[in-house]
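Step one of this worksheet: look at the structure below.
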Amino acid sequence: MDTAGMIAVGEILKAQGIKGEVKVVPLTDDPRRFGKLKRLFLQTNDGVQELTVESYRLFRQFVLVKFKGIDDMNAANQIGRGLLLIPREERVKLPPGRYFYDQIEGLSVFTTDGQLLGTVSKILNTGSNDVYVVTDNSREILIPALKTVVKEINLNTGTMVVELPDGLLEE
């Protein structure tokens, strides 16, 4: 199975308890979303398999997931470690003006006067606001992900327009 159109929502660490649950590190802002998922695709070194979610519960910073047909510790151990994936089209819908990191990474960044600054190569989470790392061949620019700076994001054209604060580009 091709996983190119899929995104990771969690990573199985190990079996948990005797009833077939697995301990999952959530790779999502809202771990409760596991309650809305009916199926997950487990990617391991052995390939990809589809699993049906029977139940879930939150446990500290983890999610304990029970899959249909995995009813004891031995069966859960046989699943092994791996990434839990969903098809990209099944991820949660965000409100207007909100984007997933993978939608922002790779955008071409222009100033409001049309100057190409480079491409968003990664996103740093600083706690107060994200910072877009924009790179071109010769430099790296850190652009705060603020509404006062980011004027437009157009996923159809793959572009972002920014109004840089004074002094940001000065060497």
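FYI, in this note's numbering the residues of the sequence shown are 1 to 171.
Think of the CB as a built atom: it goes at the ideal place given N, C-alpha and C, for glycine as much as any other residue.
Nothing here was measured: the structure is a model prediction, and the numbers come from that model.
Residues in its own chain within less than 6 Å of residue i by CB, not counting five upstream and five downstream?
i      : result
Val134 : Val109, Leu117, Gly118, Val120, Ile141, Ile143
For residue i, tell me which candidate among the options has the shortest Cα-Cα distance.
i      : options                        : result
Asp30  : Leu13, Asn74, Gln61, Leu42     : Gln61
Met6   : Leu124, Asp113, Asp71, Ile86   : Ile86
Gly17  : Gly10, Leu155, Phe59           : Phe59
Ile136 : Asp130, Leu155, Gln115, Ile153 : Looking at the sequence shown, residue 136 is not Ile but Asp. Here the closest residue by C-alpha is Gln115.
Pro26  : Gln43, Gly20, Ala15, Ala8      : Ala8
Under the rule that 16 or more other beta-carbon atoms within 10 Å means buried, what is residue i, buried or exposed?
i      : result
Val150 : buried
Val92  : exposed
Tyr56  : buried
Tyr132 : buried
Phe67  : buried
Mind checking which residues open and close the alpha helix (DSSP H) that includes residue i?
i      : result
Gln103 : 101-104
Helix, strand or coil: how does DSSP classify residue i here?
i      : result
Glu140 : strand
Gln78  : helix
Arg57  : strand
Gly127 : coil
Gly158 : coil
What are the boundary residues of the beta strand (DSSP E) that includes residue i?
i      : result
Arg39  : 39-44
Val150 : 150-154
Glu21  : 21-26
Phe110 : 108-111
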